[in-house]
Amino acid sequence: MKNRICDLLGIKYPIIQAGMIWCSGWELAAAVSKSGGLGIIGAGSMYPEVLRGHVQKLKANTHLPFAVNLPLLYPQIEEHLEIIEKEGVPIVFTSAGNPAKYTARLKAMGITVVHVVSNVKFALKAEAAGVDAVVAEGFEAGGHNGREETTTLCLIPLVSDALKIPVIAAGGIADGRAMLAAFALGAEGVQVGSRFVASEESSAHPAFKQLVVNANEGDTVLTLKQLTPVRLIRNPFYAAIEAAEQAGADKEALAALLGRGRAKKGMFEGDLEAGELEIGQVAAGIHDIRPAAAILASIWTEFLAAKQGMAEL
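Everything in the sequence shown is counted per the working numbering, starting at -18 for the first residue and increasing by one.
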């Protein structure tokens, strides 16, 4: 397929694997890139030397384009930026911060920059900062989410109508039908997270992968809005958060309850009771754990079939 996202990122299919903390290591990113999409290493859960190792292993595994997701509020961002430059990372997806601070610096390194947004206001700021494209992520998405709770169905046309640069849709996309819908709304690519969590190459714990496969409609909820909104699978940790919020807990009390390493405990170490289990609403439609290449091929085949079906109406 030829469009602005494929041309910009140098990929065959406009399908991007999200850079998810604790789930997106080099093995998943390499598998997606080798299958014609764009694989992303999730740097938000990595110490600098860990990131370096993942980038080097990915480069040794494939010469195809890949990216690193870089949360701009990460405390060791300077070390990450140094590694990104020295290792020749070609594409960076920035998130969780102001792109104006780092976009020009990244582009001066010859890096393509894509920024993740959850509303039109931040999309316009990202475009003004000089990013090459944006990911518009709707309320359905897993992990940290926008405060406005704007769904993908509403967000994508709002952002694509407001910007000149290409838009990548995210949130609730796990198959080719959803991809076609996103394109109809103005997107030129899709970013897929939850579906790739339940892949063989994902670095998520097997117990968490199986929990995602077993998830039903209504099993996820957006919570911790006083801190940073995050979509979680309901479990005893979420129940404790819900009880604290109903009792009137303030930000400090919620932060103390959250503690440190809660997402690692759940998604990477497999503690399904006390861990923070981040996943999107679309988990209810995921029913198996498959190789990343098979997931990507299925999305593309479904997209083409759905596109043909619509053309025949």
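Every residue gets a Cβ at the ideal spot worked out from N, C-alpha and C, and that includes glycine. Remember, predicted model here, so these are calculated numbers, not experimental data.
Residues that DSSP places opposite residue i in a beta bridge
i: S76; result: P52
i: E293; result: BP columns for E293 are empty, so no partner.
i: G20; result: F47
i: A151; result: E118 and Q172
i: R271; result: S180
i: L186; result: Reading off the sequence shown, one finds His at residue 186, where the question assumed Leu. BP columns for H186 are empty, so no partner.
i: R212; result: G124 and L203
i: H96; result: T75 and V115
Option nearest residue i by Cα separation, candidates the options
i: L53; options: F47, N42, H35 and L87; result: L87
i: L62; options: T201, T84, D142 and A41; result: T84
i: H268; options: L277, A179, A150 and A275; result: A179
i: A265; options: H35, K190, C(-13) and L51; result: K190
i: A41; options: Y28, G17 and A10; result: A10
i: S5; options: K245, L294 and Y(-6); result: K245
i: G251; options: A114, L192 and T43; result: L192
i: N79; options: E293, L51 and G240; result: L51
i: S76; options: T43, A114, V31 and Q227; result: A114
Cβ distance (whole Å) where residue i is taken to contact residue j below 8 Å
i: I71; j: I92; result: At residue 71 the sequence reads Pro, which differs from the Ile that was named. The Cβ separation is near 7 Å, so the contact holds.
i: Q74; j: G0; result: Looking at the sequence provided, one finds Phe at residue 74 rather than Gln. Between G0 and F74 the Cβ distance is about 6 Å, and since that is below 8 Å, they are a contact.
i: E233; j: E8; result: Contact doesn't hold; Cβ gap of about 39 Å is too wide.
i: I(-4); j: I280; result: 6 Å
i: P147; j: R33; result: With a Cβ gap of about 30 Å, P147 and R33 do not count as contacting.
i: A236; j: L208; result: 6 Å
i: A143; j: A163; result: The Cβ separation is near 16 Å, so there is no contact.
i: A188; j: V140; result: Contact doesn't hold; Cβ gap of about 36 Å is too wide.
Which of helix, strand or coil DSSP assigns to residue i
i: R86; result: helix
i: T132; result: coil
i: G124; result: strand
i: L139; result: helix
i: R(-15); result: helix
i: E259; result: strand
i: V70; result: coil
i: Q(-2); result: strand
i: V194; result: helix
i: M27; result: coil
i: G34; result: helix
i: E254; result: coil
i: K232; result: helix
i: W281; result: helix
i: L9; result: helix
Cβ pair count under 8 Å reaching 3, the stretch 105 to 123 against the stretch 171 to 180: yes
The stretch 15 to 26 in contact with the stretch 38 to 47 per 3-pair CB rule at 8 Å: yes
At least 3 beta-carbon pairs within less than 8 Å: the stretch 60 to 67 vs the stretch 105 to 118: no
Contact between the stretch 273 to 289 and the stretch 149 to 157 (3+ Cβ pairs under 8 Å): yes
Touching by the beta-carbon criterion (3+ pairs, under 8 Å), the stretch 253 to 261 and the stretch 211 to 220: yes
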